[in-house]
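Have a look at the structure below before the remarks.
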Amino acid sequence: MEKQNSRREFLKKMTAASIAASTTTISMSSFLSSCSPEVQKRAATADSVILLWMAGGMAHTETFDPKAYVPYEKGVESKRILSTFPKIPTVVDGLEFSEGLEGIGSVMDKGAIIRSYKSADLGHILHTRHQYHWHTCYEPPQSVQAPHIGAWIAKELGPVNPVIPPFISIGQRFTMGEAEELKAFHSAGFLGTEYGPFLIPDPSSGLDSVRPPKGMSLKRFESRYKLYKELVNKSEIMEKGSNYQRESLMRSMEQSYRLLNSPEAKVFDLSQEPKEVYDTYNTGRFGLGCLLAKRLAMNGGRFISVSTEYEPFLGWDTHENGHIRAKDMKALIDRPISQLIKDLDETGHLDKTLIILASEFSRDAIMEGRPGELVKNQVNQPDVIEDEKHYGMHRHFTDGSSILMWGGGVEKGLVYGKTADERPCSSIEKPVVIDQIHQSVYHALGIDSQTNYEIEGRPFYTTPDGKGTPILDLFGKPMSALQEKIV
Amino acid sequence: MENTNWILQLLGRLHPLLVHFPVGLLVVAFALELITIKKKSTGLREGITWMVYIGAISATLSALFGWFLKTQDEYSGDLVDNHQYTGIATAVLAIITALLLKNSLKKAVVNLIAYRFMLGVTFVLLSIAGHLGANLTHGEDYLTEILPGKKEVYSNKESGALLSELKGVSELSDLQKDKLSLEVRGLFAHKCYQCHSENKQKGNLILDSKEGVFKGGKTGLAVVPGNPEESEIYKRIILPANNKKVMPTKGKLLTADEVALVKLWIKEGAHWSDAEVKVFPEATLALKQPTLPKSSKENHPLDKLINVYFDKNSINWQDAVNDRKFIKRAYLDVVGLLPKPEAIDAFVNNNNPNKREVLIDELLSDSENYTQHWLSFWNDLLRNDYSGTGFITRGRFQITDWLYHSLKENKSYDAMVSQLMNPTKKSEGFIKGIKWRGVVNSSQSTEMQAAQNIGQSLMGVNVKCASCHNSFVSNLTLDQAYGFASIFAKEPLELNRCDKPIGKIAKVDFLYPELGSVDGKTLQERLLKLSKVMVNKENGRLYRTITNRIWERLMGRGIIEPVDEMDNTPWNAEVLDWLAADFIDADTDLKHLIKRIMTSKAYQMPTVNYKKQKDLKKDYVFKGPVLRRLSAEQFSDAISQVISPVYVAVAYNPNEDKMPAQRIWHHQKDLTNTVLPLPGKRYFRKTFELKKENIKQASVLISVDDSYKLYINGTPIGTGSNWTEVGKYDVTNVLVKGANVIAIEGNNEGKIGNPASILFAMKVAFDGGENFELFSDETWKSTDEKPNNNWVDLNFEPKRWKKVKNYRTSNWAKLLDFTFKEHQKTFARASLVKQHSFLKALGRPNREIVVTKREEQATLLQALELTNGAFFNGVLKQGAKKWLDVYGNNTEVIVDTLFQKLLGRHPSSEEQKILIGAIGNQPNVEQIQDVFWSVLISPEFQFIN
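Note that the protein sequences, when read in sequence, are chains A and F. According to my numbering, the first sequence is numbered sequentially starting from 1. According to my numbering, the second sequence is numbered sequentially starting from 488.
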């Protein structure tokens, strides 16, 4: 419970960062960390994480794990539908994607694909419950508020660049269905709002949140702060001596002032990009989110999530017209994601940025839930399809889906795990659960697998009971990398 | 090779001895060097030089021997590695330092700068290497474990005491055997259960049951009665720290006393006592009603007790704060509002010696404002007014209406608790919990939530841990948790341990069975019994818990902390139990309890400053109230009072004028689904028939997000661009008998889809008393194509216009002003407002779980909201315009009024000067806005001092 110093450290680092551009970089923190009994920092292969969130349940058989293609014709039986698109080759030998993902296919030599992710079985499907589980690693509800993975990372590592908030969430609005459920995991939980997400629902107006209030000139902004400082200095309350609460307030005000007054805020300004770059990314809000993520990753973002946005029955949540909707969604993500990988690779940032593409679960034309644990069907799917709107993946499938990763030490060109080629297209080789995904991310970032926080007298681990283990295969030879870093 | 290995090993083991030379020599050299810097006392030079030389040599040898030790004795781990690297680096630096010194001394002009710098670096590195080395030998928490605030894990004082008691006793009595057994079992609980219990059976060994202990584990019999040397437990606990097989592997090793105790226990036949082990301290249930000290110079009963406490701790009473400070405190604590300047002046000038008590009484009798302030406390505590999950399948019930009226009527605490335990529809939300769609972990079933919440909120005991497995933090067992939860179930629950059923059915029981039975055939019967058992006056815990919470609210720190762990030791048990008993004597009148505390001198003392948060935790000594930050609600309400209304719409309106008006907008769809309205203009029409002529009075209410132009029968009626400002129009003269048409041009601003809506109501009164009402609903029509200019007229034909969509109210709240009635409310109290990003940033919790303490420290996200948040700055701007209208552009008047209203005092001449210097004598809106900001952000305003 006594972990209250992080803000002070944050400030220290902030001051340090602003003066210490050139001074020596012997990292004291690596020495100090070994004094702390709980957290042993390990060598990191990644500094930053970008999570590309495919909200609403992306069907693996329609995207990164295609099965036999059955084209639409009136009268086709639902049970024959495994994929509604033909397969296409990718740059990696033997790895095939679904049509419409040519761009992402062309960068798979820089990343890895896990084809055997199994979501939890939580009974009657509710997207936001599975999303909560994916992002916090805990099944809701919990008796304490579980933190988002981004909040854990923000807490453990702090910001890379002191003026960029360490946990930024792009693209999700909270004004439609299941809004409250969405808010439940876009949260630092018991770690405290300090580590909560900096929300940017619309990437094109991200700049607004990091500069002086609209309509306030920089000059006025500065003199307003100066006035406040002068008044505080003359106030009798300051004569009473040091007080931790008061100092915490004044420190946070100062920090916010510096952040908003920082020239680095322009990182959030998409208009700084050349037009052709902007246009390449601009397939919509998600594409621009990728562009903002790129700028943030290059300038010291720590954890950045970009969501296609969850709204019931929209995005990847295809309850009807599945084929057409999947086609649109692929067009939305393919160009910006492949461009993001390429841009980060060319500038050398990919080595230190772990990019993850994932979804809460997959979809199927027939099966709701998973084999042996079927749950209540939410969509009426006819046995024989007479209308094209029934052609597609309209039910929620939890037994196999794809997770893609690039950069941050991830083995290049790796294909991990496998799903069956016939229905149910379940994970049949090296099944992976969420604990392993979280621990793999922590592993890449050098965060100890036993990291925990004492809440209500008991330790709460990053993954339940601290039991999860990273998938070391994803990182090739993790041990040697570890040695190098320590020397 | 084998021959030489032992030499290396021996040399390696000399490392711990040898390291003391470089540590000693170099540190002293460095210290002496510091002395020479100023004084230039050359007398020390020779000595220092030799110290550095020998230090460097011994450092090198130490590093070398250390390396032998590591390789020969197979040490490994990050800590070892770091120690190695820093150690080697120290040696290298020490040599460089020595060489530099040698070189410098040789030269004609002695320049020691480089050498001194290097010696300094060596010193730093040496300290780190030394510290890491010490961690290796003594354990990593060797230093930190004794720091204040570090949770005391387990005290072995008892083992020592018992050991000396039993020493020399030739034959143990049964009582002594029992004692010994219980002591050993307690030891197991603290040191071993984490890995060896029914929950976690490492090495197949279970130590929390008799069978388990005597069955042993994978490596053999854990306990061989009478024979410690044969017992695996004993063998393992006496191994040295670096042995891989030593137990416990996690945490500290057993002390000599503890080891001796285990040995003695086994030797004496390993007797097993079946008595219950109360491993953790537990508060007694009943209250001890202390008698007040008879002779005391203090009048107030609390002060009499505290006086004794102060005497014992050599603390002096401080003079009570002045009237200005007191009235501000009292207002904020009782009604959550700031006192008006007139009220302050009147209070200061009042000569009644009893005026403070009179003020407290007056404030407590302002039941509406009292309720609207304390509501937030109760909402946090009872997890009500919850904005979070669970609504999707109607798995959640609010108790706001019940709670509001309970506070307003000042229901006794007993009555409140009874009505929560045995609820009506209006109060059932508390024990019903939150139901998610799908399957949930058995420790989060709604029945278990009830047990956990009653435990935490009302009884100050943590049932959460025990709802999954026997608790590690209290004496509660899984059986007890399930027995308690079963009260709320249709039938007794099957126990689940860590979410796996264990084939045992719970026995219905209250957490503290001695208070009475709660068993019954039906749920109703059990709840009725529970509602009585809970408020049994023997249940001192219930009253102690709420008393402590109210104390914490008013004084900034509980008598027991954390306030949810009522088994912890209070800083003074007499004060707590006397207050709780007094509360019971006053028929559990909450206002009485508040008044009792507030009238004490203890409450009226100046706040005590604490440099660090941890000073308030362990070993806390009460010296007076603690500085408290304004809550999100107090902050928001203060701005509403003084600057401009922050909120004008609420989630719960106790005086609601209910109308069936819906929040409608043009139905925005993608392929087939409703999506958020896109930005842009939309056009709305509604035609209606008035059957009578003699219109006496017709009025319209309208609120549109984001802006509107309203026409009736082609006549422009009004415009608006802020949904929180209700447009109120008299339309008596525009309406006619027969067909009429309402036309609204609405605009949704922004760049991407976002909530938009029209809320409309019309009331027409005819001579003769008849009425006609019309509300926005799904009979209205709309289009997103710009229509011809005559679209506002009756004779326009809306072709291809579509039915509007009811977008529901969740993105907006109930506008206080959306009523045809006269009313005086100028702003909505923040406690009644639906959770909002501004309040959230300031620390109002979402209440997905019980919250009994809000975040104390300011955060960056909060500061950002206050610094550049559009919402907050918008309110200030609005306020600045108003102030300019009311007070004119006179800085002196504005500043003086602002200080009186916000800070309860006049500005000093220096403050006046600063402010006038900053904004001149004739400020504009922006300058006034910035003055507001500077004062609102200041610590003086943000804290209850």
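Glycine residues also receive a C-beta, built at the ideal position from the N, C-alpha and C atoms. Treat the numbers as computed from the prediction; the structure is a model and nothing was measured.
- Proximity of chain A to residue 806 (chain F) at the Cβ level (cut-off 9 Å) is not reached, the minimal Cβ distance being about 15 Å.
- Across the stretch 895-929 of chain F, CB contacts with chain A closer than 7 Å involve 921, 923, 924, 925, 926, 927, 928, in sequence order along the chain.
- For residue 1146 (chain F), the closest alpha carbon among the candidates F:1041, F:1237, F:1242, F:1305 is that of F:1305.
- Contact of residue 1417 (chain F) with chain A by beta-carbon distance below 8 Å involves 220, 223, 224, 227.
- In the same chain as residue 61 (chain A), and ignoring 5 residues on each side of it, the C-beta atoms closer than 6 Å to its own belong to 67, 82, 83, 425, in chain order.
- Taken in chain order, the unbroken stretches of alpha helix (DSSP H) that lie wholly in the stretch 404-456 of chain A and span 4 residues or more are 434-445.
- The beta-carbon of residue 176 (chain A) is placed less than 7 Å from the nearest beta-carbon of chain F.
- Check the Cα spacing between residue 734 (chain F) and each of F:939, F:683, F:774, F:545: the tightest is with F:683.
- Cβ contact annotation for residue 1173 (chain F) (same chain, cutoff 6 Å, sequence separation greater than five): 1229, 1267, in chain order.
- In the structure shown, the three-state DSSP call for residue 598 (chain F) is coil.
- For residue 1097 (chain F), the residues of chain A that pass the 7 Å Cβ criterion are 243, 244, in the order they occur in the chain.
- DSSP assignment within the stretch 284-313 of chain A yields the following whole alpha helix (DSSP H) runs of 4 residues or more, N-terminal first: 285-298.
- Residue 675 (chain F) sits in a helix when the DSSP states are folded into three classes.
- Between the alpha carbons of residue 849 (chain F) and residue 1191 (chain F) lies a gap of roughly 41 Å.
- Within chain F, no C-beta atom comes nearer than 9 Å to that of residue 393 (chain A); the closest sits roughly 15 Å away.
- Looking at F:992, F:547, F:1367, F:934, the one whose alpha-carbon comes closest to that of residue 1411 (chain F) is F:1367.
- DSSP places residue 117 (chain A) in the uninterrupted beta strand (DSSP E) bounded by 111-117.
- Judged by DSSP in its simplified three-state form, residue 461 (chain A) adopts strand.
- CA-to-CA, the gap between residue 358 (chain A) and residue 51 (chain A) works out to about 8 Å.
- For residue 395 (chain A), there is no enclosing alpha helix (DSSP H); the residue is found in the beta strand (DSSP E) stretching over 395-397.
- Rounded to the nearest angstrom, the Cβ distance from residue 368 (chain A) to residue 396 (chain A) is 6 Å, consistent with a contact under 8 Å.
- For residue 272 (chain A) and residue 204 (chain A), the gap between their C-alpha atoms comes out near 11 Å.
- The beta carbon of residue 344 (chain A) sits closer than 7 Å to those of 294, 297, 350, 353, 407, all from its chain and outside the five residues before and after it, given in chain order.
- Three or more pairs of CB atoms, one per stretch, sit closer than 8 Å, so the stretch 915-926 of chain F contacts the stretch 123-130 of chain A.
- For residue 694 (chain F), the CB contacts under 6 Å within the same chain, skipping 5 residues up- and downstream, are 675, 679, 683, 700 in chain order.
- Taking a Cβ-Cβ threshold of 8 Å, the residues of chain F close to residue 231 (chain A) are 1398, 1401, 1402, 1421, 1422, 1425, in chain order.
- Close partners of residue 237 (chain A) in chain F (Cβ separation under 7 Å): 1426, 1427, 1432.
- In the structure shown, the three-state DSSP call for residue 1058 (chain F) is coil.
- In terms of CA proximity to residue 986 (chain F), F:932 leads the group F:1012, F:1039, F:932.
- When 7 Å is used as the limit between beta carbons, residue 314 (chain A) is near these residues of chain F: 1157, 1160, 1162, in chain order.
- Per DSSP, the beta bridge partners of residue 1152 (chain F) are F:1292.
- For the pair residue 1186 (chain F) and residue 1157 (chain F), the CB atoms are not nearer than the 7 Å cut-off.
- For residue 1238 (chain F), the C-beta contacts it makes with chain A under 9 Å involve 202, 204, 205, in order along the chain.
- Here residue 1183 (chain F) carries a strand assignment [DSSP, helix/strand/coil].
- When the five nearest sequence neighbours on each side are left out, no beta carbon in the same chain lies closer than 7 Å to the beta carbon of residue 702 (chain F).
- Proximity to residue 1114 (chain F) across F:548, F:820, F:579 peaks at F:820, based on C-alpha coordinates.
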